[in-house]
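Asks: Please see the structure below; I have some questions.
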Amino acid sequence: MELYAELTRRREQIKQMGGAKAVAKQHQSGKWTARERMEYFFDPGTFNETGMFIKHRQAGFGMAGKEIPAEGVIVGYGKVNGRTVMAAAEDYTSMAGTFGEYHGKKFARAIDLAREMGIPFVGMNDSGGARLQEGIDTLEAYAWLFRSQIRASGVIPQLALLMGPCLGGQAYHPVMQDFVLQCREAGFMGIAGPAFVKTQLGIDIDLQTLSGVEAHAVKSGCTHVVVEDDRDCLDRAKELLQFLPQNNREKPPVTKPGEPSGAVPELDGLVPEHSLEPYDMHEIIRRLVDNGYFFEIMAGFAPNIITGFGRFNGRSTGIVASQPDWMGGVINCDAADKAARFIRCCDLFNIPLVSIHDTPGYMIGPEEDWKGILRHGSKLLFAYIEATVPKISVIVRKSFAGAYLGMCCKDTGADLVFAWPEATVTIVGAETAASIIFAKEIKSAADPEAVRAQRIREYRNLYENPYNAAERGYIDDVIMPSETRQRICAALDLLENKQVTGPWKKYSNITL
Amino acid sequence: MSENNRKTIASPVPGKVAEVKTKPGDQVKRGDLLLIVEAMKMYNRVLTPYDGVVREVAVSAGQKVNTSDPLVVIEV
């Protein structure tokens with residue numbers, strides 16, 4: 032029938048995207064096309080495209096009659112690991128995937144639908160930026176996109192896959208999603224590209240240095256996961272979705288436990304006894320989680336705190352841990368920002384939190400104080416105190432002063448606090464404490480050094496252990512390191528149906 | 005020797021040099037321990053990000069250092 036043939040012809044035309052030449056160019060630059068990405072991302076045969084025939088309505092500046100297949104962005108839904116997901120993939124082969132009025136409308140509608148249906152949204156960014164020919168129509172379309180994604184923020188998980196360029200105001204789109212995955216060679220984002228930086232500021236800088244993975248996974252903290260290429264990016268996105276629920280009214284899927292929640296003897300004696308000695312916290316995390324599998328988030332930014340997902344008995348769990356191997360695990364502005372956002376993300380999506388303390392404190396000194404350590408450091412307090420998900424803390428060695436509160440202690444939100452025998456929980460180190468409390472006595476003593484040493488010993492014996500806090504009930508139990516996995520698994524069982532109701536308010540005035 | 009071949013390793017934190025683990029003339033490989041800076045009740049290991057030869061050790065044990073103070077110069 033002619034009508035059917037017409038449909039087939041139209042569909043096939045659009046599926047050619049920008050044409051053979053443009054597709055070849057996309058492949059030459061090491062990238063897949065938008066359609067190839069969608070095909071790989073969704074379970075075979077489950078992708079349903081919507082808005083294929085959407086077309087711009089512009090006439091100015093050479094736009095009249097210009098064919099831009101699917102308006103440069105492919106949108107649709109399907110199954111990922113058997114669960115329904117909405118996705119949009121920008122098509123760089125069609126007018127460089129530029130963002131115009133109807134391109135924006137497709138994007139925003141996809142997010143609205145995902146929010147209403149309570150399913151995750153995944154955006155694949157690969158665009159030459161704003162379609163300047165369209166003027167205000169393009170500009171306003173950014174507002175549609177931002178409004179849709181922010182209204183969906185906290186309702187459904189949103190993942191940004193940075194698989195090509197995303198420069199200019201458009202780059203607010205990926206960073207405002209829950210997680211940004213950036214391709215090592217091809218993914219770029221930034222408020223302006225090198226050409227604009229050159230003309231406006233006179234600075235010569237190449238695209239990779241200005242907007243690549245080093246810029247965002249290490250320096251700016253905008254990227255959560257660095258991936259190698261398109262295949263790796265889509266694989267990691269699928270993995271990440273497995274840790275997340277479909278929406279904020281659900282719990283994340285429970286996978287089959289990979290191993291029994293038994294004792295882990297290798298943890299005993301793992302932490303160096305000398306409290307100044309660094310070690311790699313990943314060694315502890317890998318021994319605690321199911322199958323030793325830890326999906327790290329923001330590994331390259333503020334490595335003095337570790338954030339990421341693991342499972343306990345199949346249950347998706349957010350882990351926040353000090354990293355003694357990097358600046359001694361001290362909490363500075365960047366570490367606090369990184370952890371606070373992660374904690375709030377877990378809380379939004381009903382993911383329990385395990386916090387592992389081994390930190391000497393918040394970073395002091397003019398540099399951090401002037402950068403606003405008080406303002407940034409307090410985000411951790413807001414995040415932990417307000418989070419209503421199950422919260423378990425494990426103090427493996429040092430937990431001093433403000434950092435004891437900032438890493439989640441009993442009364443900054445922990446439902447259960449465990450400490451290892453190596454733990455020292457106190458407001459200040461013995462040397463500092465003794466020299467302040469007994470300053471006069473030490474100064475006037477016949478042998479000041481002997482008195483000082485004596486007072487330090489006393490303070491240490493009384494406070495530098497887990498028992499003083501356990502006597503007050505601030506530590507629920509002192510446990511062998513080898514018991515930790517069992518105890519966390521049992522605690523998560525206990526906390527499974529935790530319910531918390533707070534006072535009514537719009538939201539807290541968090542120290543942004 | 006050109007300036008570009010000389011790489012300066014700076015202190016990552018303000019603190020006190022606890023121990024110097026290298027001396028001029030040492031052949032070092034990326035990841036080798038150069039010295040330890042004690043700060044905030046922790047030993048911070050300063051590792052070399054470069055392969056090369058140590059040309060200069062600018063600090064000694066017990067010395068106070070600030071963030072970005074030069075510690076070691078390596079010829080790569």
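Going down the list, the sequences are from chains A and B.
Position one of the first sequence corresponds to residue 32 (this note's numbering), numbered consecutively onward.
Position one of the second sequence corresponds to residue 5 (this note's numbering), numbered consecutively onward.
The beta carbon of each residue, even a glycine, is placed where N, CA and C say it ideally should be.
1) Check this for me: beta carbons of G252 (chain A) and F332 (chain A), under 8 Å apart or not?
2) Would you give the residue range spanned by the beta strand (DSSP E) that D389 (chain A) belongs to?
3) Compare the C-beta of E52 (chain B) against all C-beta atoms of chain A and say whether one is closer than 8 Å.
4) What residues in the segment 36-47 of chain B bring their beta carbon closer than 8 Å to a beta carbon of chain A?
5) Applying the 10 Å Cβ sphere with the 16-neighbour rule, what's the burial state of Y123 (chain A)?
6) For a cutoff of 8 Å on Cβ pairs, would you count V17 (chain B) as touching chain A?
7) Select from A:P283, A:P397, A:V361 the residue whose C-alpha is nearest the C-alpha of G341 (chain A).
8) Between M358 (chain A) and chain B, is there a C-beta pair that is closer than 8 Å?
9) What separation, rounded to the nearest whole angstrom, lies between the Cα atoms of N540 (chain A) and L176 (chain A)?
10) Which chain E residues are close to G392 (chain A), counting only those with a beta carbon under 7 Å from its beta carbon?
11) Using a Cβ-Cβ distance cut-off of 8 Å, determine whether R49 (chain B) contacts chain A.
12) Output the distance between the C-alpha atoms of E4 (chain A) and Y47 (chain B), rounded to the nearest integer angstrom.
13) With a 10 Å radius around its C-beta and 16 neighbouring C-beta atoms as the bar for buried, classify W451 (chain A) as buried or exposed.
14) Please determine whether the Cβ atom of N48 (chain B) lies at a distance below 7 Å from any heavy atom of the ligand SAM.
15) Who are the near neighbours of G221 (chain A) in its chain, counting only those whose CB is closer than 7 Å to its CB and skipping five residues on each side?
16) Please tell me whether A454 (chain A) and S430 (chain A) are closer than 8 Å, where the distance is taken between their beta carbons.
17) Excluding the five sequence neighbours on either side, which residues of its own chain have a C-beta within less than 6 Å of the C-beta of A294 (chain A), listed in chain order?
18) At least one CB of chain A closer than 8 Å to the CB of T26 (chain B): is that the case?
19) Buried or exposed: where does A248 (chain A) fall if 16 or more other Cβ atoms within 10 Å of its Cβ makes it buried?
20) I'd like to check one pair, K137 (chain A) with G49 (chain A): are the Cβ atoms closer than 8 Å?
21) Let me check understanding here. Comparing Cα to Cα, which of A:G195, A:H204, A:E33, A:P276 lies closest to G113 (chain A)?
22) I'd like to know if V427 (chain A) contacts chain B, where contact means its C-beta is closer than 8 Å to some C-beta of that chain.
23) Chain A partners of T71 (chain B), CB-CB under 9 Å?
24) Nearest to K422 (chain A) by alpha carbon, out of A:V351, A:A470, A:C364?
25) Along the chain, where does the alpha helix (DSSP H) containing Q485 (chain A) start, and where does it finish?
26) Give every residue of the same chain whose Cβ lies closer than 6 Å to the Cβ of A145 (chain A), excluding the five residues on either side of it in the sequence, and list them in chain order.
27) So within the segment 296-367 of chain A, which uninterrupted alpha helix (DSSP H) runs reach at least 4 residues, ignoring any that extend past its ends?
28) Any C-beta of chain B within less than 9 Å: which residues of the segment 343-375 of chain A qualify?
29) Does any CB atom of chain B fall closer than 8 Å to the CB of G460 (chain A)?
30) For G19 (chain B), which residues does DSSP report across the bridge?
31) Got a sec: is the Cβ-Cβ distance from P296 (chain A) to anything in chain B below 8 Å?
32) Looking only at its own chain, which residues have a Cβ that is under 6 Å from the Cβ of G35 (chain B), when we skip the five neighbours before and after it?
33) Mind listing the chain B neighbours of P383 (chain A)? Cutoff is C-beta to C-beta under 8 Å, in chain order.
34) Since G29 (chain A) and G433 (chain A) are thought to touch, with beta carbons under 8 Å apart, how far apart are those beta carbons, to the nearest angstrom?
35) How would you list, in chain order, the residues of chain B whose beta-carbon sits under 8 Å from the beta-carbon of G514 (chain A)?
36) Give me the Cα-Cα distance between E216 (chain A) and Q89 (chain A), rounded to the nearest whole angstrom.
Replies: In terms of the structure at hand:
1) Yes, Cβ-Cβ distance for G252 (chain A) and F332 (chain A) is below 8 Å.
2) Where D389 (chain A) is concerned, the enclosing beta strand (DSSP E) stretches over 384-390.
3) Reading off the sequence, residue 52 (chain B) comes out as Thr, not Glu. Contact with chain A is absent for T52 (chain B), since none of that chain's Cβ atoms lies less than 8 Å from the residue's Cβ.
4) Those residues of the segment 36-47 of chain B that come within reach of chain A (Cβ to Cβ, closer than 8 Å) are E42, A43, M44, K45, M46, Y47.
5) A residue is called buried once 16 or more other Cβ atoms fall within 10 Å of its Cβ, and Y123 (chain A) is buried on that count.
6) For V17 (chain B), the nearest beta carbon of chain A is closer than 8 Å to its own beta carbon.
7) The shortest C-alpha separation from G341 (chain A) is found at A:P283.
8) So yes, M358 (chain A) belongs to the interface.
9) The alpha-carbon of N540 (chain A) is positioned some 26 Å away from that of L176 (chain A).
10) In summary, chain E is missing from the structure at hand, where the protein chains are A and B.
11) At least one chain A Cβ lies under 8 Å of R49 (chain B).
12) This structure does not reach residue 4 (chain A), given that chain A is present from 32 up to 543, and the question cannot be answered.
13) Residue burial annotation: W451 (chain A) is buried, with at least 16 other C-beta atoms found within 10 angstroms of its C-beta.
14) Because no ligand of any kind appears in the structure shown, any question about the ligand SAM cannot be addressed here.
15) The beta carbon of G221 (chain A) sits closer than 7 Å to the beta carbons of L198, A202, L241, S242 from its chain, once the five residues preceding and following it are set aside; these are given in chain order.
16) If you check the CB distance, A454 (chain A) and S430 (chain A) come in under 8 Å.
17) Answer for A294 (chain A): S513, listed in chain order.
18) Not an interface residue.
19) Buried: at least 16 other Cβ atoms inside 10 Å.
20) The Cβ-Cβ distance between G49 (chain A) and K137 (chain A) does not fall below 8 Å.
21) Taking only the C-alpha atoms, the option nearest G113 (chain A) is A:P276.
22) Chain B has no Cβ within less than 8 Å of the Cβ of V427 (chain A).
23) By Cβ distance, chain A contributes G396, E398.
24) Nearest C-alpha to K422 (chain A): A:V351.
25) Here the alpha helix (DSSP H) through Q485 (chain A) covers 479-494.
26) The residues M117, F152, I187, in chain order, have a CB closer than 6 Å to that of A145 (chain A) in the same chain once the five nearest residues on each side in sequence are set aside.
27) Inside the segment 296-367 of chain A, DSSP marks whole alpha helix (DSSP H) runs of 4 or more residues at positions 313-319, from first to last along the chain.
28) Within the segment 343-375 of chain A, the residues whose Cβ lies closer than 9 Å to some Cβ of chain B are P355, D356, W357, M358, G359, G360, V361, listed in chain order.
29) By this cut-off, G460 (chain A) is an interface position.
30) DSSP output for G19 (chain B) lists B:V69 as bridge partner(s).
31) Residue-level contact by beta carbon fails for P296 (chain A) and chain B, as no gap is shorter than 8 Å.
32) For G35 (chain B), the CB contacts under 6 Å within the same chain, skipping 5 residues up- and downstream, are L51 in chain order.
33) Below the 8 Å Cβ cutoff, chain B contributes no neighbours of P383 (chain A), its closest Cβ being approximately 29 Å away.
34) With chain A running from 32 to 543 in the structure shown, residue 29 (chain A) is simply not present.
35) In the sequence on display, residue 514 (chain A) carries Glu and not Gly. The premise fails here: E514 (chain A) is roughly 26 Å from chain B at the closest Cβ pair, so nothing lies under 8 Å.
36) About 34 Å.
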